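Below is one structure, written out as structure tokens, with a few remarks after it.
In this note's numbering, the protein residues as written are 328 to 499.
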């Protein structure tokens with residue numbers, strides 16, 4: 328695997344990723360852990376909103392989450408796609424299926440970003456007490472999103488970070 332290239336039609340990813348990362352792999356993984364914690368904190372906020380629906384809408388919390396969700400998700404994905412994925416690909420060029428795994432994660436990023444945009448809009452409308460908004464529907468959307476994001480993070484921790492850490496322990 329010479330380089331990790333962004334899938335065609337992915338508007339937010341560079342056309343080719345494969346140059347040397349600005350941070351060491353260890354530093355990058357530490358930063359990724361911080362990013363994961365930030366995303367999980369947003370998931371916790373979204374879960375609290377979902378748990379409060381339909382009867383107890385905290386409009387301020389909805390506005391905060393509406394503003395944070397897309398920003399946090401996009402920033403995390405940029406870092407992963409421009410730093411983490413290329414670093415892992417360059418450190419482990421012979422790992423079977425690594426490139427397809429990174430592509431899959433990148434496609435999930437596209438889906439998550441679209442979903443985050445929809446949720447941001449829905450949360451703004453919920454905060455504004457838009458009568459066309461059905462809190463039960465928003466709750467269902469929130470649960471679908473934060474469950475998917477948590478699963479994605481668990482996969483990255485187990486299969487990407489875990490593989491790197493396991494390799495480092497085997498090759499000190």
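Using N, Cα and C, we set each Cβ at its ideal position, and we do this for glycine too.
None of these values were measured; they are calculated from a predicted model.
Nonlocal neighbours in the same chain, by C-beta distance under 8 Å from residue i, ignoring five residues either side
i, result
"residue 451", "389, 390 and 393"
"residue 352", "414, 415, 418 and 491"
"residue 440", "339, 397, 400, 401 and 404"
"residue 484", "363"
"residue 459", "452"
Any chain E beta carbon closer than 8 Å to residue i
i, result
"residue 470", "Here there is only one protein chain, and chain E is not present."
Spatial neighbours of residue i in its chain, beta-carbon cut-off 7 Å, leaving aside the 5 residues before and after
i, result
"residue 362", "403 and 406"
"residue 348", "Caution is warranted here: a pLDDT of 43 is assigned to residue 348, below 50, making its placement in the model unreliable, and no coordinate value can be reported."
"residue 442", "472"
Boundaries of the alpha helix (DSSP H) in which residue i is found, first to last residue
i, result
"residue 479", "462-482"
Proximity to residue i [Cα-Cα], best of the options
i, options, result
"residue 368", "381, 385, 399 and 387", "399"
"residue 476", "372, 460, 463 and 350", "372"
"residue 379", "487, 482, 478 and 464", "464"
"residue 432", "358, 422, 360 and 478", "478"
"residue 384", "421, 486, 456 and 489", "456"
"residue 486", "357, 428 and 374", "428"
Residues near residue i by beta carbon distance below 6 Å, same chain, minus five either side
i, result
"residue 447", "393, 396 and 397"
"residue 386", "454"
"residue 466", "377 and 380"
"residue 470", "377"
"residue 436", "404"
"residue 462", "380 and 381"
"residue 359", "411"
Starting from the N-terminal side, write out each stretch of the alpha helix (DSSP H) that is 4 residues or longer and does not extend beyond the region 369-443. 386-406 and 412-418
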